[in-house]
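For reference, the structure is listed below as structure tokens.
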Amino acid sequence: MYRTPTLAVLAPFALILALPAAAQSAAEQKMAATVEAETERHVALLETLVNQNSGSLNIDGVTKVGQMVRTELEPLGFKVEWIDMKETGRAGHLIATHTGNGKGKRLLLIGHLDTVFEPESPFQKFVRNGDRASGPGIGDDKGGIVVIVAALRAMQAAGTLKGADIKIVLTGDEERTGKPLEIARRDLIAAGKWADVALEYENLARDESGDKGTIARRSSASWTLTTSGKTGHSSGVFGAALGYGAAYELVRILDEFRRTLPEQNLTFNIGTMAAGTPATLAPNNYQVSASGKTNIVAEQAVARGDLRALTPEQEAKTRAAMQAIVAKSLPGTSAKIEFEESYPPMAPTAGNRALLVKLNAVNRDMKLPEMTEMDPAKRGAADSAFVAADVDTLAGLGVAGGGAHAEGEWVDLTSIPLQALRNAVFMTRLSKEKR
981 MYRTPTLAVL APFALILALP AAAQSAAEQK MAATVEAETE RHVALLETLV
1031 NQNSGSLNID GVTKVGQMVR TELEPLGFKV EWIDMKETGR AGHLIATHTG
1081 NGKGKRLLLI GHLDTVFEPE SPFQKFVRNG DRASGPGIGD DKGGIVVIVA
1131 ALRAMQAAGT LKGADIKIVL TGDEERTGKP LEIARRDLIA AGKWADVALE
1181 YENLARDESG DKGTIARRSS ASWTLTTSGK TGHSSGVFGA ALGYGAAYEL
1231 VRILDEFRRT LPEQNLTFNI GTMAAGTPAT LAPNNYQVSA SGKTNIVAEQ
1281 AVARGDLRAL TPEQEAKTRA AMQAIVAKSL PGTSAKIEFE ESYPPMAPTA
1331 GNRALLVKLN AVNRDMKLPE MTEMDPAKRG AADSAFVAAD VDTLAGLGVA
1381 GGGAHAEGEW VDLTSIPLQA LRNAVFMTRL SKEKR
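Note that this note's numbering has the sequence shown beginning at 981, numbered continuously upward.
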């Protein structure tokens, strides 16, 4: 298991940016000192954010977290806007803009205010045990918000924030996206078109080999498969009069998916399924129900699942293959598959890899190991995918931890100063590159 330094060990390490003599920067040394001095401040901020429930459907809670973040960003010179999203059934998004000198790369920072834990969840409070803390959304994504704030404060202290053009988009519905999607992600997509570089602050990926760089994420789409058949006494199943029934047609399709579609970086899960007379999917799309008897041929069947692909081309090809399989119905049956858009893929690109190369230059100067590419099959979808088609994007720049989306979600508190300094130096260097 990868071991992380304790806060006591990290502090002197963070203060020593072992830059080559020709590249020494007083500003970067000031950033290191600021991050060290403010470590406990940012742990306290994390506690405050975590203790305010902001489940995606908790409109008031998400709004309050947005207000908390506003009070952190406005003193740094950001103009903060709240984009109301009640028309999508969600609270809204926070967009903060820092206007610099207009000369360097424009940076877009992406995170989210909401969590998967609604008010009725028993998992509600921040609990600290030494250098480890747990709480709802502590890593996904309130820890990421804290890293953003800590890095920006370090930049301000060092004088490098003043000239930087930065836009922050913190969505309020990343965990349960509002609909219609074109409205829910309208402002994020627009910010991506404005930016020259996008940095996303979901959890830092870490394994036994060290910290990982995320240059790609797979898509996430849902599909609903429904089949119909003739019903009657089971003695007639497979015959000319009744055919195979809806259940066998559903099984045929799903089994052909399993046998013919698998390839690298592609998955298609079945979350729920049912067959009977009748079989129905609830309006919320999360529950199925069926009734019937063993001696009755099922008239209806339904299955619902997801589809994850690495590139738009892979997803389009897979959807076409699924449609073709569905069209080959067994005698006496019919079938239909529908796809619901959610998160597009963040495909691996040369531009994304170039950003990781630049981040690794920061790592070398901080005497940190270089970050290798994270296997995209081991990461979920995220909001960075909505901008990745328009701008070079690097993801997973938040805190390190584990157990996301489950009770007991935790973070390594030593990763806050580590990531704050890493990002402060990285953003400073990017913001000084010519557009």
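C-beta: ideal position from N, C-alpha, C; glycine also. Predicted model, so just to flag it, every value in this text is computed and none were measured.
For residue i, report the span of its alpha helix (DSSP H) as first-last.
i: Leu1132; result: 1124 to 1138
i: Leu1392; result: What sits at residue 1392 in the sequence shown is Asp, not Leu. Taken as a continuous stretch (DSSP letters only), Asp1392 belongs to no alpha helix (DSSP H), being part of the beta strand (DSSP E) at 1390 to 1392.
i: Tyr1228; result: 1225 to 1240
i: Thr1043; result: 1039 to 1053
i: Lys1297; result: 1292 to 1307
On the DSSP letters alone, give me the boundaries of the beta strand (DSSP E) that residue i sits inside.
i: Gln1009; result: Looking at the DSSP string, Gln1009 is not in any beta strand (DSSP E); the run it does join, the alpha helix (DSSP H), is 1006 to 1017.
i: Phe957; result: Outside the displayed range of the chain (981 to 1415) lies residue 957, so it cannot be described from this structure.
i: Leu1401; result: It is not in any beta strand (DSSP E) - Leu1401 instead sits in the alpha helix (DSSP H) that spans 1395 to 1411.
i: Thr1329; result: Taken as a continuous stretch (DSSP letters only), Thr1329 belongs to no beta strand (DSSP E), as it is neither H nor E.
i: Ala1076; result: 1072 to 1078
i: Val1268; result: 1268 to 1270
i: Glu1320; result: 1313 to 1323
i: Gly1219; result: Premise fails: Gly1219 is in no beta strand (DSSP E) and is neither H nor E.
i: Asp1372; result: 1372 to 1374
i: Ala1259; result: 1259 to 1261
Apart from the five residues on each side of it in sequence, which residues of its chain come closer than 7 Å, Cβ to Cβ, to residue i?
i: Ala1227; result: Ala1255, Ala1278, Ala1281
i: Thr1028; result: Met1048
i: Glu1413; result: Gly1084, Lys1085
i: Glu1182; result: Asp1120, Asp1121, Gly1124, Ala1362, Ala1375, Gly1376, Gly1378
Residue i CB to nearest chain C CB: under 9 Å?
i: Gly1216; result: In the structure shown, chain C cannot be found, because there is only a single protein chain.
Beta-carbon within less than 6 Å of residue i's beta-carbon, same chain only, minus the 5 sequence neighbours each way: which residues are those?
i: Ser1271; result: Gly1256
i: Lys1316; result: Thr1206
i: Asp1145; result: Gly1080, Arg1086
i: Arg1050; result: Val1060
i: Leu1398; result: none
i: Ile1250; result: Ala1283, Gly1285
i: Arg1156; result: Ser1036
i: Met1253; result: Ala1283
i: Glu1318; result: Thr1204
Taking just the CA atoms, how far does residue j sit from residue i?
i: Ala988; j: His1022; result: Note that Ala988 has pLDDT 39, beneath the 50 cutoff, so the model's placement of it is unreliable and the number below is only indicative. If you take the alpha carbons of Ala988 and His1022, they lie about 16 Å apart.
i: Arg1198; j: Gly1212; result: 44 Å
i: Asp1191; j: Ile1396; result: 14 Å
i: Ala1386; j: Val1045; result: 20 Å
i: Thr1194; j: Met1407; result: 16 Å
i: Arg1359; j: Arg1238; result: 22 Å
i: Ala1369; j: Leu1230; result: 35 Å
i: Phe1106; j: Gly1115; result: 4 Å
i: Asp1120; j: Ala1221; result: 55 Å
i: Ser1214; j: Ile1276; result: 5 Å
i: Ala991; j: Ala1400; result: Residue placement at Ala991 cannot be trusted, given a pLDDT of 44 that sits under 50; what the coordinates show is reported in the next sentence. The straight-line gap from Cα to Cα measures roughly 12 Å.
i: Ser1364; j: Leu1377; result: 11 Å
i: Glu1188; j: Ser1200; result: 27 Å
i: Gly1110; j: Glu1018; result: 17 Å
i: Ile1118; j: Leu1150; result: 15 Å
i: Ala1404; j: Asp1094; result: 24 Å
i: Gly1124; j: Lys1210; result: 53 Å
i: Val1337; j: Glu1350; result: 9 Å
i: Arg1133; j: Glu1052; result: 9 Å
i: Ile1039; j: Ala1300; result: 38 Å
i: Gly1285; j: Val1391; result: 30 Å
i: Ser1309; j: Pro1258; result: 19 Å
i: Lys1347; j: Glu1180; result: 23 Å
i: Val1015; j: Leu1234; result: 52 Å
i: Tyr1224; j: Asn1265; result: 26 Å
i: Thr1352; j: Ala1327; result: 17 Å
i: Lys1147; j: Gln1244; result: 35 Å
Would you list the residues sitting across from residue i in a DSSP beta bridge?
i: Gly1285; result: Trp1203, Ile1250
i: Ser1114; result: Val1107, Trp1390
i: Lys1338; result: According to DSSP, Lys1338 bridges with nothing at all.
i: Asp1064; result: Gly1072
i: Glu1353; result: Gly1193
i: His1385; result: Answer is none; His1385 lacks a bridge partner.
i: Lys1414; result: Gly1084
i: Ser1208; result: Gln1280, Ser1314
i: His1092; result: Thr1151
i: Gly1378; result: Gly1378 pairs with nothing; no bridge assigned.
i: Gly1035; result: Thr1095
i: Lys1358; result: None; Lys1358 has no bridge partner.
i: Lys1059; result: Thr1077
Leaving out the 5 sequence neighbours to the left and right, which residues in its chain are closer than 8 Å to residue i when beta-carbon positions are compared?
i: Asp1372; result: Asp1176, Val1177, Ala1178, Thr1329, Gly1331, Asn1332, Ala1334, Leu1335
i: Thr1416; result: No information on residue 1416 is available, as it lies outside the stretch 981 to 1415 that the chain covers here.
i: Leu1168; result: His1073, Ile1090, Val1149, Thr1151, Asp1363, Phe1366, Val1367
i: Arg1344; result: Glu1350
i: Gly1216; result: Leu1222, Val1277
Length-filtered (3 minimum) beta strand (DSSP E) runs lying within the stretch 1143 to 1205: 1146 to 1151, 1177 to 1180, 1190 to 1193
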